[in-house]
Structure formats: C-alpha cells, structure tokens
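Chemist: Encoded as structure tokens, here's the structure I'll be asking about.
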Amino acid sequence: MRLRRLWRMWYCAAIIAPVVLLAACSEPLVEPRAPRTPTTVIDRYNAIVATAEAGDDLLARARAYYDRGNIRFEQQDYPGAIADYDQALALDPSMSRAFHNRGLAYALLGEYDAALRDYAQAIRLDPAYRRAYENRVQLLEQLTASSSDETLLQQLADDYGSLAQLIPEAEAPYRYRQGVILVRLGDRTAAREAFDAVLRARPQDVDALYERALLHYSAGDLNAALADLDAALRLSPRAANAYYTRGLVRYAQGNTRDAIADFGQALLLQPAYPEALIARASAYVEQGNRTAAQADLQRLDDLQLDPVLQQAREALRQRISAP
Amino acid sequence: MQRRVPDRVRALIAWIAGGLGVLILGSGLLIASSTQWRLHLLTGLWLISFPTRRLLGQQGTIADQSLRRLMLVAFFGFSAIGLQLVRSQVTQSEATLRAVASLTQPGAPEQPRPIFPETDPIERTALGSGRVFPVTINAGIRGRIFDRYGAVVAETIDGRRTYPNPALGHLIGFQSRLYGTTGLEARFDAQLSGVATLSPIAILEARLLGSTVEQVPADLTLTLDSRLQAAAQQALGERAGAVVLLDVPTGAILAMATYPRFDPNQLTLPEPATQADVDRVQAAWAELNARTDAPLLNRATQGRYPPGSVIKTLTAAAALDSGTLADPLAPVTCPNLLPTEAGAPPVRNAVDNLFRRTGDPSDLVRVYAFSCNTAFAQIGLSLGADRFLDYARRFGLQTADTRTGTADLRDIPATIGTIANEASFLQRPAALADTAFGQGQALVTPLDMAQLAASIANEGRLMRPYLVAEARTGERVIYQAQPEPLRQVVSPETARRMLDIMRTSVEIGYAQPIALPGVSVGAKTGTAETPRGIPHSWIIAVAPVEQPRYAIAVIVEYGGEGSRSALPVARQVLAAALEVTP
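So the sequences go chain by chain: F and E.
Per numbering that gives the first Met the number 0, the very first residue in the first sequence carries number 0; after that it's consecutive.
Per numbering that gives the first Met the number 0, the very first residue in the second sequence carries number 0; after that it's consecutive.
As structure tokens, then:
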C-alpha cells in the first residue's frame, strides 16, 4: 500500500513538472537582439590584413580590408569601417558590397550625400542588389519625410519600382508606395499606373482603391472615383475618410443629399472630423438648411484647427451669414 | 453488487478520448494565444494517454507496471515540451530571422524578407496615405471702392491701401497693418479681401487633391455721390457737425459729411515699410487719439445730440396719425407759458408773444412753422406718454434702458437714437411736454433725423439706410443691396399732410431762408439747448415736396439757432443735389 501511495505521489509530481515547465516558457524563446562581436575578434582580422599586406594578391588584400571593415562596423566603429572600405575599394573598385556597406556607415554617421553616392555606386555595379535598394529606400524615406526635394522623391519612386521588380511577392506594397510618392511629385499618370499595378496584383487592396479614386476625382472622372470608393467601402466599411471623400465626390456630382449622408457617416465613425463637418455644413448651406449648417459650425468652433481648416471655417461662416 | 463496464466499451471510450486528444492537440497549433495553446497541449496529451495506457496493458508485477507508467509520464512530459519548442520556433521565425540577418548587419549573406504589416480591411478606420497637400490661397489685390459714378475712393497701390479722398475716412474707415480695419473696410472685408468668394469645399478639395484655390477680391460700389459729398463737406466747412443726405425712395446715403475728420492715409503703411514709416503711423495714431474733438468719431451716425425743435416733426406726425389732432388746421393755442405739473417750471417759448405770429387760436401748420414750444407741449400731453413713445419707436428711437437690436444702418458703425433714458421718464407730464417740443432726455444722431424727414417724404415708409450698392468680381455680382422698407411709421395721408406743413414752414416760418428758386422745399429748424449755453443748430428738410427725392439733416455743434448755421448748409447741399443756383 505504501508503495502504491508513493507511486501516486511520484505520478502526480511527474504530471505537474511539465505543466510548471511549460508555464515558464511563456516568454518568447527568441528575442531579436543585436549580434555580439567580441572586441578581441578584431585582433584576428588585424592579423589577416597584415598577412594579406605581406602577399601579392591584391584581391585577397581587398577582401581582408572589407572583412575587417565589417567587423568594425559591427563594433559600431563607423569611421574605422569606412577607412577599411576605402582601402578595399582602392584595391578593388568593383566591390559592390563594400560600396553598400560604406554607404550604410555614412548614413549612420549622418553623412547622407556620401551615403547616397555609395548606394548609387553599389547599385550601378550590381543592378539587382536588393539590399542596397532597401537601405537607400530607408534613407530616402527618412530624408523626404520632412522635405519635398523632387530629386530625392523621384529617386525614391524609382527605387520602389525596382524593388517591386526584384521582389515579386512584394510587388503590391512597393508599387503602392511608388504611387503615393508619384502623387506627391505631381506625376498623376505614373501614379495611376502604379495603383493599377497594385490592383492587378491585389484587387482588394483598399489603399490603392482609395488612392486611385482620389486620382480619378482630381482628373474630374467622378464616376470612376465613385466606383473605386464604393469598392473600398465594401471591403472597409469603417473607413471614415473614404466616406468623407465619397461625400465630396457626390457633392461635386450635384448629389447633395447623398453627400450629406456620407459626411454624416464619416462623422458617426469619427465625431471629431473637422473636414467632414465643414463639408457637411457647406452642403447644408447649399440645401438652404442654415440651421443645420450653423449647428455644424458650432461644433467646429470647439475643435482645434490648423490654419488651412481655419480659413475653410471662416469661408463657411461667410457662406452661412451671407445675405 | 458492483456493476463493471464491459471491457469493449472501456476500450471504445479510451480510443474516442485518444482521437479527441489528437484533434484538440492539432487545433491548438492553429491558435495564436500561448495560454490557450498550452491548455490544448496538456488536455490533448492527457486524452491521448488513455488508449496508450490500454496498449501498454496491466500485466506484470507492480514494479513492471510502475516502470511502464513512469515511461509513459516521461514520454508525454517530453512530448509536451518538445511540441512547445517546435511551435515557438515556428511562431517566432520572423523574430529569429530579424535577429540573424538584420538590415543593418553588413556582410550577412541572407536577404531579409520585406515586412509590410497588413490589417484586415474590415478593421480599417482610414484608407490611403493620409497625405494632405499644402493649400496656398492666392489672396489677390484687395478690391477697390468706388462712388456711385465710378470715382475711386479706396484702392491698393504697390501694397499700400490708399484713399484718394481723405475726407471720407469716417465712412470708408481704414485698413491698417498696425491698427486693424474699420468702417466699410471692416464691414465688407470679406468681399474686399475675397474671402466671401472662397468656397470651403474648394479648400477641402485643394487639401485632399492638391488643386488650386481661387480667392477673388471684389470691388465695392457705394451709393455715395462724390459731387454731393464734396458739396456737403464744403458747406459744413470746418465747423463741428454733420450732414446726411438720403435718397428718399430707396434710403440710399448720397452724402454723409462730418467734421472734425481724419485722413486714413496717415494710418496705412507702404509695402515694405521702414521703421520710419511705422513711427510716422504710430505718431499719427497717438495724435488722433489725444485730440479732444474726437476726429475718429463719425458724428453723422455715432454722434448723439439733443434734437431740439426738429423733434416737433415726430410729435406733429404722431398727433395727426393717431387722430389726436383731426387735421392740420385743428385749433391749437400757443400761450407764452404752459404749466405742466406742480413744482416743475412751466414750458416757455423761445420768444415771448409768439402767438402774434402763429395767431390765437392757431393751428398745427402755424405753430410748426414758428416752432411754438407751448403748443407742442400741449400736443404731447394730449398724445399721452404711451402713444408718444410708440410713435418714437416707429421712427426708430428707443429708450436707453431697453435699447436692443442693431441700428438700421448696417454698412458702417451706427448708434441707435433714444427718446428718453427710460420709458417711465415720459410718464411725468413735465418730462413728456419737454420731450414733445425737443428738450428732455432725447439723444439722436443726424442719421436718425434724416430718416425721420425721409420717412415723411416717402409716404410714411421708413427705409433702411445703406451705403454699399453692390460688390462684384468682374462681371459677377456677389452682393447687391436692395431698398428695404423697414416699416410704415405713419399713414401716407399723415405723411402728405406733414409734407404740406413742412412746406408751409418754409413759406411762412423760420425755415423760410432755405427756399430755393423753382423748387418747393419742406423743412424744420431746431435749436437744441446745451449745458455750455450756446445751442446746437439743427435742420431737417425734404425736396421737392411734390415728389420728394432728397431728405437732409444737418447739425452744427454750438451753431446757435437752427436757421443761422444749419439751414445755410442744408440749402447749399440741396441746391447742389437739385442742381439749382441758390
């Protein structure tokens, strides 16, 4: 009997143990973390460079500098890495990776022009060099976030296009980004082609549908804009800005009643939506319903508006109070 | 007796439990939540253990059985941990990939997969890039202001607002970068700047699509006649006071002069402006504000004066319209003194024995012509306070304590005239008698009195006065003033009778000097007492009486009797308007 009791205790403990062990595994088993490079490693690479320097093989010497540059890069010694890449490229100017890595080091040091020059050289040497494109895109996105330099924007649009070709499975997102940048550049025809490409690859891409609708609207093709917005709203029925934009399109078509319904839906989804309030109040004025327009204007007076929307609000106020 | 479940049934249950366990374990692999997955894992393995235990059997010694059970526990324990590790490897593959081959790790041979986070479209609350375009609104050059015949009275030259006729500052106002915008410039700023033409939807579209926004400034055309305005200014000269000339059928303001005045040009800055320019404007502004004669005040619409005898026009019209006096020839007396109430001084006429001029008994026509205070005091008392106040309100005068609404004139700042400080004041007989002939607490603007004369001349209809005829952008009219009748203050019959009375006042009474050759003029002079002793000089007039076109009111501050200072001014302006040589 004692043996049987002992066995039961052991049996229970054996069941509980994996349960406790499994509970302890709740944290992610793999954490993304920067790879570690022991500082002593550099000594080994110094020795390799010294050996290569003693030899006659220029390419081997270039390779040694390149490898040591990479280690210095890992150790975040970017000036040291750049110096090694310089040496490597002096010995072998066809090293596209050395150009790329030096560009990345320059970018991390904030020397963006030098970084862009090196990325361009890397891509010239290896037109299918995906990582060079990706890192250049990353830098260009950063640079164009707060500036509208057309050269940089055009480069960014071109890079998105190249990446869309290089990575077929990511064609849709890259083409979409290309289209957005082309709109910023004012190249609406090319932007339209980009969004068309997105929708060929992914017909239910709601962002591309919305952006293409804006292009149709801008071109005066209101029916096409309405069709794209209808499609987008079927897939994303909670997208307030799509209702707002469809309201504007319907207003432009002279369909004030449905426009008011769309602005109302946008406001239902997003009550503090100043653009929709201004648009709905304008539509009310158009209908002759000044009381409703005045109510929207009062709601607008309670919102913080940027200078452009303030102007729109004052223009609306004029409309409402006009004799 | 204990019932045992047959072995075949127990085997079936064990195998069903095992199958169920496999299903639970398998479905757990599809679950994102780690907690739920672990629950599935343990439950699944426990269920799978039933058929496994049956397979291992019950035979052998206790030691054999214990060893088998121990192996079973160890097997399932390691299976659980193993499955957990495999699942983690799969679910954390992206993180592993990023750690092994990050974008910023040079030399790593692996190419990272682009990671584009995707949200279920149905969950999306906004679509697109969320980009908004910067909106620039081309403001254009501020609109010009013309008089009724197209003469420029305000324009922008090289970025500086310029006023070719500096005597119109009290009407046009100014647009100063230092001191803001006043007068017509302020009231019609939306039209002049073009904001009135701005479409809110166009701004929203520009923000969304990057399209352009047009803001088209409008030009204003005034009702003002520069020729008559010049005549009014010249006639008034450099005496403090005001002149208002109205177009009777429409209420349009044809001339509106005031003195002292200011030159709005001295308050505007050139573009670009130097510090010296700023200093100059600041000095001019300081000087204008330091002056005691209030040059920034438009006396025509904001100056409030006691009306003197011109108010007798209101009293007479009220008496005839209400039936208090059956007709203009109904008998009225003009005694030298009229006691009103105990303790109050009696009403006196300006001159003794006035009844010798008016006749005794007299009538409304003659007591009006010779401005008999005692007669109008009696008429006021006959009307009674309530009826008198009612007629005052019809003519646009209120009581100060209940003053509400806005002045009839909307185009520039204007003050509402008052007949008394409070309605109860008129309940006292002495106060009512005084107010009825032009003393008391009444304070009116020259525009009020011009409207009084104009409503008599316009068959008893009071029109809204206005100064801006239209605003247009090129060929498009964006604002058009329409003559607006405000109310019928007295009947057309009463108005016709009053016109005759006013004409007779010119033919036989104190207003005689205003007569113009070939034109019949109706008028009433006024002499308003002031604390300083020297009275304000008033006149109101209409012409031609047969078909009135012009109504005028003039005040000359401290100008003495109405016939002495104000009358010649009105005569000169009417002569200019009627194009007759005085």
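From the three backbone atoms N, C-alpha and C, an ideal C-beta is built for every residue, glycine too.
(1) Can you pull the chain F residues whose beta carbon is under 7 angstroms from the beta carbon of Ser-198 (chain E), in chain order?
(2) Mind checking Gly-322 (chain E): buried by the 16 CB within 10 Å criterion, or exposed?
(3) What are the residues of the segment 205-236 of chain F that lie near chain E, defined by any Cβ-Cβ distance shorter than 8 angstroms?
(4) Tell me whether Met-462 (chain E) is buried or exposed, calling it buried when 16 or more other Cβ atoms sit within 10 Å of its Cβ.
(5) Just how far apart, CA to CA, sit Gly-209 (chain E) and Thr-405 (chain E)?
(6) Got a sec: which bits of the segment 176-208 of chain F sit with their beta carbon under 8 angstroms from any beta carbon on chain E, in order along the chain?
(7) According to DSSP, is Glu-578 (chain E) part of a helix, a strand, or is it coil?
(8) Out of E:Ala-317, E:Ala-230, E:Ser-490, point me to the one whose CA is closest to Leu-577 (chain E)'s CA.
(9) Taking Ser-281 (chain F) and Pro-199 (chain E) to be in contact with their CB atoms under 8 angstroms, please state how far apart those CB atoms are, rounded to whole angstroms.
(10) Could you tell me which residues DSSP pairs with Ser-536 (chain E) in its beta bridges?
(11) Report the CB separation of Leu-183 (chain E) from Leu-203 (chain E) in whole angstroms; it is logged as a contact under 8 angstroms.
(12) Output the boundary residues of the alpha helix (DSSP H) element that contains Met-94 (chain F).
(13) Interface residues of chain F around Pro-120 (chain E) at Cβ under 8 angstroms?
(14) Tell me whether Met-448 (chain E) is buried or exposed, calling it buried when 16 or more other Cβ atoms sit within 10 Å of its Cβ.
(15) What's the gap between the Cα of Leu-151 (chain F) and the Cα of Phe-115 (chain E)?
(16) Residues of chain F with a CB under 8 angstroms from the CB of Arg-130 (chain E): which are they?
(17) What is the DSSP secondary structure of Leu-515 (chain E), counted as helix, strand or coil?
(18) Strictly under 8 angstroms for the Cβ-Cβ distance: is Arg-318 (chain F) near chain E by that measure?
(19) Mind checking which residues open and close the alpha helix (DSSP H) that includes Tyr-191 (chain F)?
(20) Please confirm if Ala-239 (chain F) has its CB atom under 8 angstroms from at least one CB of chain E.
(21) For the putative contact between Thr-255 (chain F) and Glu-210 (chain F), defined by C-beta atoms under 8 angstroms, what is the C-beta separation to the nearest angstrom?
(22) Just checking, does the segment 520-535 of chain E make contact with the segment 493-511 of chain E on the three C-beta pairs under 8 angstroms criterion?
(23) Can you tell me whether Phe-98 (chain F) is buried or exposed, with buried defined as 16 or more other CB within 10 angstroms of its CB?
(24) Please report the straight-line C-alpha distance between Thr-332 (chain E) and Pro-534 (chain E), rounded to a whole angstrom.
(25) Give me the Cα-Cα distance between Pro-259 (chain E) and Ala-258 (chain F), rounded to the nearest whole angstrom.
(26) Could you check how far apart the C-beta atoms of Tyr-162 (chain E) and Pro-263 (chain E) are, in whole angstroms? I think they sit under 8 angstroms.
(27) What three-state label does DSSP hand Asp-218 (chain E) in the structure shown?
(28) Would you say Gln-293 (chain F) lies against chain E (beta-carbon separation less than 8 angstroms)?
(29) Which word fits Ala-391 (chain E), buried or exposed, when buried means at least 16 other C-beta atoms lie within 10 angstroms of its C-beta?
(30) Could you list which residues in chain F have their beta carbon closer than 7 angstroms to that of Glu-204 (chain E), in chain order?
(31) Could you spell out where the beta strand (DSSP E) holding Thr-472 (chain E) opens and where it closes?
(32) Mind checking the segment 258-279 of chain F against chain E and listing, in chain order, the residues whose C-beta falls within less than 8 angstroms of any C-beta there?
(33) Between Ala-311 (chain F) and chain E, is any beta-carbon pair separated by less than 8 angstroms?
(34) Buried or exposed: which applies to Met-70 (chain E), given that a residue is buried once 16 or more other Cβ atoms fall within 10 Å of its Cβ?
(35) Report the residue from F:Gly-219, F:Leu-268, F:Arg-289, F:Tyr-175 whose alpha carbon sits nearest the alpha carbon of Arg-201 (chain F).
(36) Got a sec: is the Cβ-Cβ distance from Tyr-250 (chain F) to anything in chain E below 8 angstroms?
Modeler: Reading it off the structure:
(1) In the second sequence, counting from the first residue as 1, residue 198 (chain E) sits at position 199. Neighbours of Ser-198 (chain E) on chain F, chain order: Ala-314.
(2) Walking along the second sequence from the start, residue 322 (chain E) turns up at place 323. Exposed, by the Cβ-count rule.
(3) Val-205, Asp-206, Leu-208, Tyr-209, Glu-210, Leu-213, Tyr-216, Ser-217, Ala-231, Leu-234, Ser-235, Pro-236
(4) Locating residue 462 (chain E) in the second sequence gives position 463, counting from the first residue. Result: buried.
(5) The residue you call residue 209 (chain E) lines up with position 210 of the second sequence. The residue you call residue 405 (chain E) lines up with position 406 of the second sequence. Distance between the alpha carbons of Gly-209 (chain E) and Thr-405 (chain E) is about 42 angstroms.
(6) Val-179, Val-182, Arg-183, Gly-185, Gln-203, Val-205, Asp-206, Leu-208
(7) Residue mapping note: residue 578 (chain E) aligns to position 579 of the second sequence, counting from 1. The answer is coil: DSSP assigns Glu-578 (chain E) none of H, G, I, E or B.
(8) Reading the second sequence from its first residue, position 578 is the one you call residue 577 (chain E). That would be E:Ala-230, whose Cα lies nearest to the Cα of Leu-577 (chain E).
(9) As a working note, residue 281 (chain F) is residue 282 in the first sequence. As a working note, residue 199 (chain E) is residue 200 in the second sequence. So it is a contact: roughly 5 angstroms between Cβ atoms.
(10) Residue 536 (chain E) sits at position 537 when you count from the first residue of the second sequence. Ser-536 (chain E) pairs with E:Thr-526, E:Val-555.
(11) The sequence position of residue 183 (chain E) within the second sequence is 184, counting from 1. The sequence position of residue 203 (chain E) within the second sequence is 204, counting from 1. Not quite, the Cβ-Cβ distance comes to about 31 angstroms (not below 8 angstroms), so this is no contact.
(12) Taking the first sequence and counting its residues from 1, the one referred to as residue 94 (chain F) is at position 95. Neither: Met-94 (chain F) is in no alpha helix (DSSP H) and is coded neither H nor E.
(13) The residue given as residue 120 (chain E) occupies position 121 in the second sequence. Simply Gln-203, Val-205, Leu-234, Ser-235.
(14) Taking the second sequence and counting its residues from 1, the one referred to as residue 448 (chain E) is at position 449. With 16 or more Cβ atoms within 10 Å of its Cβ, Met-448 (chain E) is classed as buried.
(15) Against the first sequence, residue 151 (chain F) aligns to sequence position 152. Against the second sequence, residue 115 (chain E) aligns to sequence position 116. Computed Cα separation, rounded: 22 angstroms.
(16) Here the question's residue 130 (chain E) lines up with position 131 in the second sequence. Those are Val-179, Val-182, Arg-183, listed as they occur along chain F.
(17) The residue given as residue 515 (chain E) occupies position 516 in the second sequence. Strand, per DSSP.
(18) Reading the first sequence from its first residue, position 319 is the one you call residue 318 (chain F). Taking Cβ atoms only, chain E reaches closer than 8 angstroms to Arg-318 (chain F), which makes this a yes.
(19) As a position in the first sequence, residue 191 (chain F) is number 192, starting the count at 1. It should be noted that the sequence gives Arg, not Tyr, for residue 191 (chain F). It spans 187-200 - the alpha helix (DSSP H) in which Arg-191 (chain F) sits, taken as one unbroken run.
(20) Counted from its first residue, the first sequence places residue 239 (chain F) at position 240. It does: the Cβ of Ala-239 (chain F) has a partner Cβ on chain E nearer than 8 angstroms.
(21) Counting from 1 along the first sequence, the entry for residue 255 (chain F) is found at position 256. Counting from 1 along the first sequence, the entry for residue 210 (chain F) is found at position 211. Contact flag wrong, Cβ pair sits at about 26 angstroms.
(22) yes
(23) Counted from its first residue, the first sequence places residue 98 (chain F) at position 99. Answer is buried; the Cβ neighbour count reaches 16.
(24) Reading the second sequence from its first residue, position 333 is the one you call residue 332 (chain E). Reading the second sequence from its first residue, position 535 is the one you call residue 534 (chain E). Straight-line Cα distance between these residues: approximately 26 angstroms.
(25) Taking the first residue of the second sequence as 1, we reach residue 259 (chain E) at position 260. Taking the first residue of the first sequence as 1, we reach residue 258 (chain F) at position 259. One C-alpha to the other measures close to 56 angstroms.
(26) Here residue 162 (chain E) refers to the residue found at position 163 of the second sequence. Here residue 263 (chain E) refers to the residue found at position 264 of the second sequence. Between Pro-263 (chain E) and Tyr-162 (chain E) the Cβ distance is about 5 angstroms, and since that is below 8 angstroms, they are a contact.
(27) Position 219 of the second sequence, counted from the first residue, corresponds to residue 218 (chain E). Residue state, collapsed to three classes: strand.
(28) Against the first sequence, residue 293 (chain F) aligns to sequence position 294. By this cut-off, Gln-293 (chain F) is not an interface position.
(29) Locating residue 391 (chain E) in the second sequence gives position 392, where the first residue counts as 1. With 16 or more other Cβ atoms within 10 Å, it is buried.
(30) Within the second sequence, residue 204 (chain E) is the residue found at index 205, counting from 1. Here the neighbours are Leu-247.
(31) Within the second sequence, the letter at position 473 stands for residue 472 (chain E). Note, Thr-472 (chain E): beta strand (DSSP E), 467-472.
(32) Leu-268, Gln-269, Glu-274, Ile-277, Ala-278
(33) Here residue 311 (chain F) refers to the residue found at position 312 of the first sequence. Yes, contact with chain E.
(34) Counted from its first residue, the second sequence places residue 70 (chain E) at position 71. Exposed is the call here.
(35) As a first step, residue 201 (chain F) is located in the first sequence; it is residue number 202 there, counting from the start. With distances taken between Cα atoms, Arg-201 (chain F) lies closest to F:Tyr-175.
(36) Sequence index remark: in the first sequence, residue 250 (chain F) carries index 251 (1-based). Chain E contact via Cβ: present.
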